[in-house]
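Worksheet: one structure, shown below.
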Amino acid sequence: MINTFNELIAYLRNPVLENDANTDTPYRFRKFFHLLIISIITGLLLTPLFGLVEFSGLVNMEEHKVTELMKQFTKGTIFLIAVVIMPTLEELVFRAPLTLFNNKKTFRVAFYVFAIIFGLVHLSNFKITANILLLAPILVAPQIILGGYLGFIRVKFGLLWSILLHATYNAFFILLSFAGDTL
């Protein structure tokens with residue numbers, strides 16, 4: 261997993277449009293699970309920032325759209341939306357076009373721009389206020405970073421792998437929130 265992490269960091273520093281020549285399925289699933297673990301750990305490490313933001317009174321996290329969804333829909337519907345529909349749509353919009361940028365410089369710019377826009381789109385989960393806009397880099401940091409991770413696997417292995425990673429990542433956190441409901 262350390263090798264995958266180092267490869268990921270090197271890639272994020274200098275993204276290039278180059279797929280992984282190793283098409284061995286066990287190799288790809290091993291890399292996939294490494295990336296999933298790295299993604300989850302990253303998300304969990306950033307979570308305390310949200311507690312600090314909420315504790316400061318600057319943002320009410322109860323006004324987050326996911327919280328509203330939890331009140332309006334069944335767990336099955338939420339799971340379908342968060343784990344199947346949204347990852348597929350978001351990957352089609354934010355990762356599918358990456359391979360269209362064949363020039364090294366434009367690819368690098370596109371890679372970062374798509375990751376940042378992917379994160380910023382998630383501001384729509386909040387009621388937009390001055391505080392939300394000022395704290396946007398913190399509030400969407402997990403999505404921006406995840407956008408980089410998803411871009412990495414998309415370029416290396418293909419679009420279906422980024423959809424699968426996105427869906428599995430969302431499933432982990434949705435199931436975690438469902439477990440929290442029963443405690």
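Per the working numbering, the very first residue in the sequence shown carries number 261; after that it's consecutive.
Every residue gets a Cβ at the ideal spot worked out from N, C-alpha and C, and that includes glycine.
Per-residue DSSP class, three states only, for residue i
i, result
"A281", "coil"
"F417", "helix"
"V343", "helix"
"F265", "helix"
"F354", "helix"
"K335", "helix"
"T348", "helix"
"V400", "coil"
"G317", "coil"
"N391", "helix"
"P275", "coil"
"F324", "This sequence places His at residue 324; Phe is not what is there. Looking at H324 - three-state DSSP - the assignment turns out to be coil, as it is neither helix nor strand."
"N430", "helix"
"F367", "helix"
"F293", "helix"
"F310", "helix"
For residue j and residue i, believed in contact at Cβ under 8 Å, the rounded distance
i, j, result
"A356", "L410", "Not a contact, Cβ separation roughly 11 Å."
"E350", "F378", "7 Å"
"F367", "L272", "Between L272 and F367 the Cβ distance is about 14 Å, and since that is not below 8 Å, they are no contact."
"V319", "I392", "6 Å"
"F438", "K335", "6 Å"
"L268", "I301", "So it is not a contact: roughly 12 Å between Cβ atoms."
"N430", "V353", "Contact flag wrong, Cβ pair sits at about 15 Å."
"M321", "F310", "6 Å"
"A401", "L306", "6 Å"
"R414", "L358", "6 Å"
"I338", "M330", "6 Å"
Classification of residue i by the beta-carbon crowding that lies within 10 angstroms, buried from 16 upward
i, result
"F386", "buried"
"Y287", "exposed"
"F374", "buried"
"I345", "exposed"
"R290", "exposed"
"K416", "buried"
"F315", "exposed"
Sufficient close CB pairs (3 or more, under 8 Å) joining the region 390 to 399 to the region 415 to 433: no
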